[in-house]
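Chains as they are written, first to last, in my numbering: chain A, 1 to 115; chain B, 116 to 229.
C-beta atoms are modelled at their ideal positions from N, C-alpha and C, and glycine is treated no differently.
A quick write-up on the structure given underneath.
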């Protein structure tokens, strides 16, 4: 079975500062990895995904993430935070083979951007 | 393209009452998912449909929860009877078939059980 751990349930950064949200996964087979963002009272929106190929993945709104197999990590970064980035972020893993291919989410990281 | 539609957006009921949620996926998406998101947690899959068949319902509390997708398009999720711990946001998502495919989420139904 696969699992996801997001380190830090709350992260605060100043506007213009680097955003780093941490995600570690556990999977017995090669994983597909996703970052979703959730704004208040809205559903989840995909930021980016890693399936195969290039390990550095670029997403929407200036976010990117790097798949590091040796560290079983998929951390989300953005060079310069904007006020509009304030939201909850979820990392998710899905195994790439077999019958049980459900999406398993981490518990989320609430990002606050300070003026 | 229209997104995943869910209704109602909010529902307040008393424990032991029944409630139903409706979801209409993106047109053409064969796979439909229902998730439960408890406050402070990530979404947890309740049930996955492929067309009108159930693929995975291993985490669905079948003594009180039921779901159907009779015509392979829209779906309903029912809770009968509701418990206090069922208070959560119920999210519906849909996708094309295949593990690489993105799941698109609706805005959810926020259920409060008093």
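(request) Give the secondary structure of residue 64 of chain A by DSSP, where H, G and I count as helix, E and B as strand, and everything else as coil. (result) strand
(request) Report yes or no: do the stretch 177-192 of chain B and the stretch 3-17 of chain A share at least 3 C-beta pairs separated by less than 8 Å? (result) no
(message) What residue range does the beta strand (DSSP E) around residue 127 of chain B cover?
(response) 125-128
(request) Using a Cβ cut-off of 7 Å, pull out every chain A residue sitting near residue 168 of chain B, in sequence order please. (result) None at all; the shortest Cβ gap to chain A is about 13 Å.
(request) Report buried or exposed for residue 49 of chain A, applying the criterion of at least 16 other Cβ atoms within 10 angstroms of its Cβ. (result) buried
(request) Mark residue 31 of chain A as exposed unless 16 or more other C-beta atoms lie within 10 angstroms of its C-beta, in which case mark it buried. (result) buried
(message) Is there a Cβ of chain A sitting closer than 7 Å to that of residue 182 of chain B, yes or no?
(response) no
(message) Can you pull out the residues from the stretch 210-228 of chain B whose beta carbon lies closer than 7 Å to at least one beta carbon of chain A?
(response) 214, 215, 217, 218, 220, 221, 222 and 223
(request) Quick one: grab the DSSP three-state call for residue 3 of chain A. (result) strand
(request) Work out the CA separation of residue 67 of chain A and residue 57 of chain A for me, nearest whole Å. (result) 8 Å
(message) Against chain A, which members of the stretch 186-197 of chain B pass a CB distance test of less than 8 Å?
(response) none
(request) Tell me whether residue 172 of chain B sits in a helix, a strand or coil according to DSSP, three-state version. (result) coil
(message) Bridge partners for residue 89 of chain A per DSSP, in chain order?
(response) A:37 and A:109
(message) Using DSSP's beta-bridge definition, name the partner residues of residue 162 of chain B.
(response) B:149
(request) Between the Cα of residue 156 of chain B and those of A:114, A:113, A:112 and A:106, spot the shortest distance and give me the residue it belongs to. (result) A:106
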